[in-house]
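For the protein sequence lines, the chains are A and B, in the order given.
Heads up, this note's numbering is the position in the first sequence plus 12, with the first residue counted as 1.
Heads up, this note's numbering is the position in the second sequence plus 12, with the first residue counted as 1.
Ideal Cβ positions, reconstructed from N, Cα and C, are used throughout, including at glycine.
Protein chains: 2
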Amino acid sequence: MPAGVAVARDLVGPATEAAINRLTPRVRRVAAYHYGLADAQGNPVRVGSGKALRPALALLSARAAGVAPERGVSAAVAVELVHNFSLLHDDIMDGDTERRHRPTAWTVFGVGAAILAGDAMLALANDLLLEDTAPGGLWAARCLSTAVQRLIAGQGEDLAFEERGDVTLAECIEMAGDKTAALMACACTIGAVHVGAAPELAMGLAEFGGHVGLAFQLTDDLLGIWGAPEVTGKPVRADLRARKKSLPVVAALTSGAPEAPELRALLAREDDLSEDELLQAADLIVAAGGKAWAEKEADDRLAAAAASLDGIGIPADVRAEFIAIAEFITARQW
Amino acid sequence: MPAGVAVARDLVGPATEAAINRLTPRVRRVAAYHYGLADAQGNPVRVGSGKALRPALALLSARAAGVAPERGVSAAVAVELVHNFSLLHDDIMDGDTERRHRPTAWTVFGVGAAILAGDAMLALANDLLLEDTAPGGLWAARCLSTAVQRLIAGQGEDLAFEERGDVTLAECIEMAGDKTAALMACACTIGAVHVGAAPELAMGLAEFGGHVGLAFQLTDDLLGIWGAPEVTGKPVRADLRARKKSLPVVAALTSGAPEAPELRALLAREDDLSEDELLQAADLIVAAGGKAWAEKEADDRLAAAAASLDGIGIPADVRAEFIAIAEFITARQW
């Protein structure tokens, strides 16, 4: 794990806890559970609460603007709150019952309490940016607000895709851009924007984050089919079981390859697929070029991300840490 | 209906529609349906979309600061978006199937789509304030953000009260202050804050709105028990059917009157109450003084609201319109 991620956990962890403690009790217990800070009864625990990648990127973003990482903390907490707001609500919408090896919040506290806790986390993220006296507080809030709108648009597209058989690869990439890359781009920019960085710097960092976000989604999609359960925390080929229209799947379906119709027929089946059939579907995606396309696209995005950091005047060590995080979250573990 | 309400509809209606049209299609259709702008298939309609009270108050708030009502439009749209975000999510949490004589959005589009549309409306409200170049954009966003947090806290308390038999009147008043009065206070202030009004003016307006909000909640609770179905759009004694711990009910239960235990036993029954029993419960609330207390408290709050507008230097016609709206929304229709 890159050094920046551990630093982010140390700096952002206590600030996140302080922010959550500002919430009203009924909402706080759901948020604390979701964050892995408390069990279902409200007793303090420490369980895996995500990798703190976005906070790490937000702190780096402050450093990119020439200030100490400490000054990026409230922006980092805000981005992570938005990320977790979306996880909390998405788990309800998608009917997911497990996250980070624990029952999802809505299964523990009910749909109503989970909706409310998500709402509170979104509003709190906003509060943190608006109450901070940093020069770019308003701009940071706008940066986050734009990302939230794209996040919501992306989730809306994702839900709509489930009901459609004709999703194009371009639509799928756009959806990933909204659902995943927009908040990543915000994380890479917001720390700098918050302290009043120049637009050129902010734009370069946003471009970096957008490319990294897409490479991350491609990697996540590849892991969802070919990742080992120890790595993903989910059953093998989980995304195929759920017939998820992930990027490698749509690339294969729309490839024009001779294997595409057979794959389409398999994924369109109403009943559960056997282990053999899931393996067969994964092999058809490989044969139709879906896996190779996704791997190459992830590589290209990573290269484009690195290029985005050229000539925008950020310190060499900050650049190296950005790249290290980008490589870490797109590592091929299959 | 006070003149200010019709003016608000004319000014704020088109701006609200323009704001909703910015949403992504899947989210937009849910928001448009909820607002009464479209039917379930997305065809344009015009049905009752609420009374636009908060927008009317927000426009008056701008006028209180000495500017034209037009300058309060984005703040008015933002407040109304937050109000509707909370209705959309509360309907899911409370399992309500009808609002404004139509099926609630979640029953038409599903829980997931309704959650997402609410999220988008909350984020959009924020966008509108942050992107506006008015001098107090940041402060207006903070004013709204604080109201949102209190709204969420109030809904959390409301949900918690359902599971408790020992709710005090003080807790109940605090809950109403959070759930209803905070956004009303925000509506009465935000137009002035947005154009950079002095703190004394903003505080006087917020105090007015807080009192009006509580008087409104008391009136709504009285209507929920003694209001005619033609007025409320709900079955007679709907709140008693639902065993809602509204202010007159809690006032009666905690009055120490001899009728209180019988009322408590009746409302604690697991099975549905007959029409006769509902009538009996309503009579017990009267006998225990719950109705008289609520009526007096509403009157007192209305008087306190009027007093809040003294000496803060607002034009006489604006003051008169504020009072007219306050009286309109607390009129005794039982």
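Of the other Cβ atoms in all chains shown, 16 or more fall within 10 Å of the Cβ of A165/B; this residue is therefore buried. For R111/B, DSSP records a beta bridge to R114/B. Interface annotation, H113/B: not in contact with chain A, CB-CB separation never under 8 Å.
L49/A and L163/A have their C-alpha atoms spaced approximately 25 Å apart. Pairing V160/A with L134/A gives a Cβ-Cβ distance under 8 Å. Non-local beta-carbon contacts of F334/A in its own chain, meaning distances under 7 Å to residues more than five positions away in sequence, involve L72, F220 and L321 in chain order. Around the beta carbon of E92/B, 16 or more other beta carbons sit within 10 angstroms, so the residue counts as buried. For R38/B, the nearest beta carbon of chain A is closer than 8 Å to its own beta carbon. Inter-residue distance for A30/A and T180/B is about 29 Å (C-alpha atoms, whole angstroms). One finds N138 and S157 in chain B with Cβ atoms closer than 7 Å to the Cβ of N138/A, taken in chain order. The C-beta of Q161/B comes closer than 8 Å to at least one C-beta of chain A. Under the 8 Å criterion on CB atoms, A218/A is classed as non-interfacial with respect to chain B. In the three-state DSSP reduction, P56/A falls in the strand class (E or B).
CA-to-CA, the gap between A272/B and A193/B works out to about 28 Å. Taking a cut-off of 8 Å on C-beta distances, the segment 281-299 of chain A touches the segment 261-269 of chain A, as three or more cross pairs fall below it. Beta-bridge analysis with DSSP links A50/A to P56/A.
In the three-state reduction of the DSSP assignment, P81/B falls in the helix class. Residue range G149 to E174 is occupied by the alpha helix (DSSP H) that includes W151/B.
Under a criterion of Cβ atoms nearer than 8 Å, the residues of chain B adjacent to V123/A are, in order, I104, M105 and V123. Sixteen is the threshold: since fewer than 16 other Cβ atoms of the shown chains lie within 10 Å of the Cβ of K308/B, the residue is exposed. V205/A: member of the alpha helix (DSSP H) spanning A194 to H206, first to last residue. Assignment of W305/B by DSSP, reduced to helix, strand and coil, places it in the helix class.
Using a Cβ distance threshold of 8 Å, L226/B and G168/B do not count as a contacting pair. Listed in chain order, the non-local C-beta contacts of D170/B below 7 Å within the same chain comprise M187 and K191, local neighbours out to five positions each way being set aside.
Q292/A carries a helical assignment under DSSP once its states are collapsed to helix, strand and coil.
Membership of A74/B in the alpha helix (DSSP H) is indicated by the continuous run L65 to A76. Interface flag for I324/B against chain A is unset, since no Cβ pair is found closer than 8 Å. Under the three-state reduction of DSSP output, G177/B falls in the coil class, being neither helix nor strand. In its chain, beyond the 5 residues on either side, P147 and G148 have a beta carbon closer than 6 Å to the beta carbon of G208/A.
Closest by C-alpha distance to D295/B, out of L234/B, V120/B and R41/B, is L234/B.
Straight-line spacing of the CA atoms in A117/B and E339/A works out to 43 Å. For L285/A, there is no enclosing alpha helix (DSSP H), as DSSP marks it with neither H nor E. Between the segment 194-208 of chain A and the segment 61-70 of chain A there are three or more C-beta pairs closer than 8 Å, enough to call the two in contact. Distance check between T36/A and each of D288/A, A132/A and A319/A places A132/A closest, using alpha-carbon atoms only.
Segment contact: the segment 16-31 of chain B against the segment 235-255 of chain A, fewer than three CB-CB distances shorter than 8 Å; contact not assigned.
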